[in-house]
Amino acid sequence: MPDVQAVVARAKNEPVRVETIHVPDPGPGEALVKVQACGVCHTDLHYKQGGIGDDYPYLLGHEAAGVVESVGEGVDDVAPGDFVILNWRAVCGKCRACRRGRPWYCFDTHNATQKMTLADGTELSPALGIGAFAEKTLVAAGQCTKVDPSTPATVAGLLGCGVMAGLGAALNTGNVQRGDSVAVFGCGGVGDAAVAGASLGGATTVIAVDMDDRKLEWARQFGATHTVNARNENAVERIQELTGGFGVDLAIDAVGLPETYKQAFYARDLAGTVVLVGVPTPEQKLELPFIDFFARGGSLKSSWYGDCLPERDFPMLIDLYRQGRLPLEAFVSEEIGIGDVEEAFTKMHAGEVLRSVVVIK
């Protein structure tokens, strides 16, 4: 049972700190992974703030890549030495979604059975079942996806959450097609990934919407053909102007506020699609004239983890990165140490970075 250094949130809104934790040797169906890099995601901040639950203490970090160190009984998909991206939706293969050939909707995803603990034996709750702001972490083997080992861990790990969510919202959930027009509301990490996905999918008009000119400039780096600062102009009207008065084929809400969803809803063409990938809070309410749902037709979708299937999507996206067609490195604003996570949360909340990435030596 190795003892390692890891970032722990002990209580709501308390500063996180680096502590020694115990990581069990892998049991049946589990894998021990030596973490090399892990992105600092908004979800980790939500855990710290109590926005996801109160099952403290939390072992934070989930957007990670590393090398499998050992595996438990019955594991044959990965082996010691494999370079892997960690994912938080290890599919079961048995539920009604999996049996119908739709494993990206799996209703019974799973994590490691054994618990990692603090030095005093207190059980930790790993963020999204991963807990990767740590030198080593224990996961279900199905949470490990092998990719090309020549890929830098600092970019590979980003596919484990935010970047995959945005890319998948455009490519998988939104099913962007060649020649489509797309609007993306919110140009943080997930939104810019959606912009990149729309561009990869062949959209000829990609409109980025935000209230921060710095973020809009970031969006241009990922393929936005037009930008709209919603602080200065009516976003819906401007999008209609840019699309001949019709609206876009696909509108993606990467914010998750009632206001941005309404903008996405009305910014699409009559038979257009809206995809919600930004995460709302439980108390938020959405009110729209019911007739507008009928009058506009089209599709309203929610995107779970970009509707991704890691074993299908991660290797493909890494190949696109290696071909120079997917600029994953542009998401990395800074590389930091394991003791710098609290400061990274401050920068992220202020909108100063797309991604801070913890590098673990």
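For the sequence shown, the numbering used here begins at 120 and goes up steadily by one. Yeah, the Cβ is synthetic: ideal placement off N, Cα and C, and Gly gets one too.
Residue interval of the beta strand (DSSP E) (run including residue i)
i: residue 393; result: 387 to 395
i: residue 314; result: Unbroken run through residue 314 is the alpha helix (DSSP H), 308 to 319; no beta strand (DSSP E).
i: residue 358; result: Note, residue 358: premise wrong, no beta strand (DSSP E); alpha helix (DSSP H) at 354 to 361.
i: residue 259; result: 255 to 259
i: residue 476; result: 474 to 478
Residues bridged to residue i [DSSP beta-bridge criterion]
i: residue 348; result: 329
i: residue 136; result: 127
i: residue 229; result: 209
i: residue 204; result: 184 and 264
i: residue 304; result: 328 and 372
i: residue 242; result: 236
i: residue 299; result: Beta-bridge pairing links residue 299 to no other residue.
i: residue 122; result: 141
i: residue 367; result: 387
i: residue 178; result: 127 and 245
Closest Cα partner of residue i within the set the options
i: residue 398; options: 374, 127 and 408; result: 374
i: residue 279; options: 290, 288 and 264; result: 264
i: residue 73; options: 458, 452, 456 and 478; result: Limits of the chain in this structure are 120 at one end and 480 at the other, which puts residue 73 out of reach.
i: residue 422; options: 429, 149, 160 and 285; result: 285
i: residue 232; options: 221, 224 and 245; result: 245
i: residue 477; options: 456, 469 and 198; result: 456
i: residue 261; options: 314, 194, 274 and 318; result: 194
i: residue 429; options: 389, 204, 150 and 230; result: 204
i: residue 209; options: 249, 153 and 376; result: 249
i: residue 386; options: 367, 377 and 272; result: 367
i: residue 201; options: 212, 214, 207 and 187; result: 187
i: residue 179; options: 247, 381, 328 and 409; result: 247
i: residue 157; options: 327, 337 and 251; result: 251
i: residue 396; options: 407, 427 and 408; result: 427
i: residue 351; options: 409, 335, 214 and 389; result: 335
i: residue 224; options: 173, 372 and 212; result: 212
i: residue 235; options: 390, 151 and 214; result: 151
i: residue 474; options: 312, 129 and 290; result: 312
i: residue 356; options: 302, 310 and 342; result: 302
i: residue 325; options: 319, 310 and 343; result: 343
i: residue 132; options: 228, 307, 470 and 164; result: 164
i: residue 468; options: 307, 258, 444 and 348; result: 307
i: residue 393; options: 215, 243, 137 and 304; result: 304
Cα-Cα separation between residue i and residue j, rounded to whole angstroms
i: residue 277; j: residue 266; result: 13 Å
i: residue 379; j: residue 238; result: 44 Å
i: residue 403; j: residue 241; result: 34 Å
i: residue 321; j: residue 354; result: 23 Å
i: residue 154; j: residue 272; result: 9 Å
i: residue 442; j: residue 432; result: 15 Å
i: residue 140; j: residue 454; result: 23 Å
i: residue 331; j: residue 146; result: 48 Å
i: residue 160; j: residue 281; result: 7 Å
i: residue 472; j: residue 425; result: 22 Å
i: residue 162; j: residue 364; result: 37 Å
i: residue 461; j: residue 411; result: 44 Å
i: residue 413; j: residue 388; result: 13 Å
i: residue 253; j: residue 317; result: 34 Å
i: residue 217; j: residue 295; result: 24 Å
i: residue 270; j: residue 437; result: 8 Å
i: residue 196; j: residue 275; result: 19 Å
i: residue 169; j: residue 207; result: 19 Å
i: residue 176; j: residue 191; result: 26 Å
i: residue 144; j: residue 134; result: 29 Å
i: residue 349; j: residue 390; result: 24 Å
For residue i, three-class secondary structure by DSSP
i: residue 150; result: strand
i: residue 187; result: strand
i: residue 422; result: coil
i: residue 412; result: helix
i: residue 323; result: coil
i: residue 157; result: strand
i: residue 165; result: helix
i: residue 288; result: helix
i: residue 444; result: coil
i: residue 450; result: helix
i: residue 282; result: helix
i: residue 455; result: strand
i: residue 334; result: helix
i: residue 381; result: helix
i: residue 222; result: helix
Bounding residues of the alpha helix (DSSP H) (the contiguous stretch that carries residue i)
i: residue 464; result: 460 to 468
i: residue 438; result: 429 to 441
i: residue 215; result: 215 to 218
i: residue 343; result: Element bounds for residue 343: n/a, residue is neither H nor E.
i: residue 273; result: 272 to 275
Proximity test, Cβ basis, 8 Å: residue i and chain D
i: residue 296; result: Going by chain labels, chain D is absent from the structure shown, which holds only one protein chain.
Residue i beta carbon near the ligand SAH (any heavy atom closer than 7 Å)
i: residue 442; result: Summarising the ligand content, the structure contains no ligands, and the ligand SAH is consequently not present.
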